[in-house]
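Taking this note's numbering, the leading residue of the sequence shown gets 686, the next gets one more, and so forth.
The structure appears right after this line, and notes come after that.
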Amino acid sequence: MQRLSWLLFACILILACGTLIAADDADTKALIALDEEWSKAAVAHDADKVASFYAEDAHLYPPNEPGFVGRDKARESWAKTLSDPNVTVSWKTTSAGIDGNTGWTAGTTQASIKGADGKTTVQTGKYLCVWKKGPDGKWKAVHDMWNNDSK
């Protein structure tokens, strides 16, 4: 029991430090805001805008399907998901950081799916995204991975 308490304390400390880093670093705060804007584009079912956050040669690793490379393929994949008005996808950044021109965001995901019976099913999950700052100073997602929590 004591070991579990220490493990829980360590996890809380790690999460708290991640939050403090985000709160103290203007660049990290900007990256978190960018990730939140990206999620809002998904909620709005705007596949073109969602795809615009990716680098041209981004690598995507979606759940339950093969990974792929490229902004155009990302747009196709997101368009397929977001074209269904009964599906809403969103995510929330819980930690982020930057080291030079490389950054990362991580957090939780949620997909709400309204079935033909009118009932809504909610799938939760988590994600990790690696970002690169380009010569123009703009951040683009270069590796994006997410998966679903088991039920």
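Even for Gly, the Cβ is constructed at its ideal location relative to N, Cα and C.
These numbers come from a predicted model, not from an experiment.
**Q.** Three-state class that DSSP yields for S768 in the structure shown
**A.** Within the sequence shown, residue 768 is the residue found at index 83, counting from 1. Residue state, collapsed to three classes: coil.
Q) What number of angstroms, rounded off, separates the C-alpha of D751 from the C-alpha of E761? A) The residue labelled residue 751 in the question sits at position 66 within the sequence shown. The residue labelled residue 761 in the question sits at position 76 within the sequence shown. A quick correction: the sequence has Pro, not Asp, at residue 751. The alpha-carbon atoms of P751 and E761 are separated by roughly 14 Å.
**Q.** Cβ neighbours of E721 in the same chain (closer than 7 Å, five flanking residues each side left out)
**A.** Mapped onto the sequence shown, residue 721 falls at position 36. Counting only Cβ-Cβ distances below 7 Å, and skipping sequence neighbours, we find T778.
Q. Would you say S737 faces chain C, with C-beta separation under 8 Å as the test?
A. Of the chains in the structure shown, none is chain C; there is only one protein chain.
Q. Is A727 near V774, with beta carbons less than 8 Å apart?
A. For the purposes of this step, residue 727 is identified with residue 42 of the sequence shown, where counting begins at 1. For the purposes of this step, residue 774 is identified with residue 89 of the sequence shown, where counting begins at 1. A contact, by the Cβ cut-off of 8 Å.
Q) Which two residues bound the contiguous beta strand (DSSP E) that contains S797? A) Within the sequence shown, the letter at position 112 stands for residue 797. Its beta strand (DSSP E) spans residues T787 to K799.
**Q.** Cα-Cα separation, G792 to P820
**A.** Mapped onto the sequence shown, residue 792 falls at position 107. Mapped onto the sequence shown, residue 820 falls at position 135. Whole-angstrom Cα-Cα distance: 27 Å.
Q.
Applying the 10 Å Cβ sphere with the 16-neighbour rule, what's the burial state of A740?
A. Within the sequence shown, the letter at position 55 stands for residue 740. A740 is buried by the Cβ-count criterion.
Q: Could you pull the start and end residues of the alpha helix (DSSP H) that A729 belongs to?
A: Residue mapping note: residue 729 aligns to position 44 of the sequence shown, counting from 1. Careful: A729 lies outside any alpha helix (DSSP H) and carries neither H nor E.
Q. Any idea if A708 is buried or exposed, counting beta-carbon neighbours within 10 angstroms, 16 or more meaning buried?
A. Taking the sequence shown and counting its residues from 1, one reaches residue 708 at position 23. Low per-residue confidence applies at A708: pLDDT is 42, beneath 50, and the placement is therefore not dependable enough to give any value.
(Q) So W831 and T794 are supposed to be a Cβ contact under 8 Å. How far apart are they, rounded? (A) Start at 1 with the first residue of the sequence shown, and residue 831 comes out as number 146. Start at 1 with the first residue of the sequence shown, and residue 794 comes out as number 109. Confirmed, about 5 Å.
Q. DSSP state of L693, grouped into three classes?
A. Counting from one through the sequence shown, the residue named residue 693 turns up at place 8. Low per-residue confidence applies at L693: pLDDT is 38, beneath 50, and the placement is therefore not dependable, though the value from the model is reported in the following sentence. Helix.
Q. So D834 packs on C814, CB below 8 Å; how close in whole Å?
A. Locating residue 834 in the sequence shown gives position 149, where the first residue counts as 1. Locating residue 814 in the sequence shown gives position 129, where the first residue counts as 1. In fact, because the Cβ distance is near 18 Å, the residues do not count as touching under 8 Å.
Q | Which of helix, strand or coil DSSP assigns to D784 | A | Against the sequence shown, residue 784 aligns to sequence position 99. It is a strand residue.
(Q) If you reduce the DSSP assignment to three classes, tell me which class T806 lands in. (A) Position 121 of the sequence shown, counted from the start, is the residue given in the question as residue 806. T806: strand per DSSP, three-state reduction.
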